[in-house]
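Peer 1:
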Amino acid sequence: MTNTGAAWLERYVRAWETNDPADIAEVFSEDAVYDYRPDGSDSVTGRDAIAADWAAEGDEPGTWTFEGSVLTESPGLVVVQGITRYPGHADYDNLWVVRLDDDGRATRFTEWCTERAG
Numbered sequence: 059m060t061n062t063g064a065a066w067l068e069r070y071v072r073a074w075e076t077n078d079p080a081d082i083a084e085v086f087s088e089d090a091v092y093d094y095r096p097d098g099s100d101s102v103t104g105r106d107a108i109a110a111d112w113a114a115e116g117d118e119p120g121t122w123t124f125e126g127s128v129l130t131e132s133p134g135l136v137v138v139q140g141i142t143r144y145p146g147h148a149d150y151d152n153l154w155v156v157r158l159d160d161d162g163r164a165t166r167f168t169e170w171c172t173e174r175a176g
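The sequence shown begins at 59 in the working numbering and counts up by one.
In structure tokens:
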């Protein structure tokens, strides 16, 4: 498995598009923590729990688009900046801080998500 930030981002978007637990498993380590808020107040812990959360709350394929890129990376750390668009609804600016293990899977994912002003 390639452990560059761009490869991780590609796998993440694929998992987001499919909501398939196997695709999600390629993105997160077994004991990963997914922080939906930077303060950790609504974190999900464990790859299986993250996959279940995505299945329950995930965006339906085709209802959104994402444009993003790796802003910076260093060994074990990737920062992604992007925009998620939900046509007819809203656009969101995203900043993700991702800690990676040696296999290129996220051990911790923290997102900042802000709705764009109309």
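Think of the CB as a built atom: it goes at the ideal place given N, C-alpha and C, for glycine as much as any other residue.
Since this is a predicted model, take the numbers as computed values, not measurements.
Between the region 79-99 and the region 134-152, are three or more C-beta pairs nearer than 8 Å?
Peer 2: The answer is no - the region 134-152 does not touch the region 79-99, with fewer than three Cβ pairs under 8 Å.
Peer 1: Would you kindly report the start and end of the unbroken beta strand (DSSP E) that includes alanine 148?
Peer 2: Alanine 148 -> beta strand (DSSP E) spans 148-158.
Peer 1: Tell me the DSSP secondary structure of threonine 76 in three-state form.
Peer 2: Three-state result, threonine 76: helix.
Peer 1: Taking contact to mean 3 or more Cβ pairs, one atom from each stretch, closer than 8 Å, check whether the region 120-127 and the region 81-95 are in contact.
Peer 2: Too few Cβ pairs lie closer than 8 Å, so no.
Peer 1: Grab the span of the alpha helix (DSSP H) containing asparagine 115 for me, first residue to last.
Peer 2: It is worth fixing the name first, because residue 115 is glutamate in this sequence and not asparagine. Glutamate 115 -> alpha helix (DSSP H) spans 105-115.
Peer 1: Tyrosine 144 lies in the beta strand (DSSP E); which residues open and close that run?
Peer 2: Its beta strand (DSSP E) spans residues 135-144.
Peer 1: Out of Asp149, Glu173, Val156, state which residue places its alpha-carbon closest to the alpha-carbon of alanine 64.
Peer 2: With distances taken between Cα atoms, alanine 64 lies closest to Val156.
Peer 1: Determine the direct distance from the alpha carbon of glycine 146 to that of alanine 107, and round the result to whole angstroms.
Peer 2: Their Cα atoms are separated by approximately 30 Å.
Peer 1: Could you tell me which residues DSSP pairs with aspartate 93 in its beta bridges?
Peer 2: Aspartate 93 is bridged to Ser101, Thr168.
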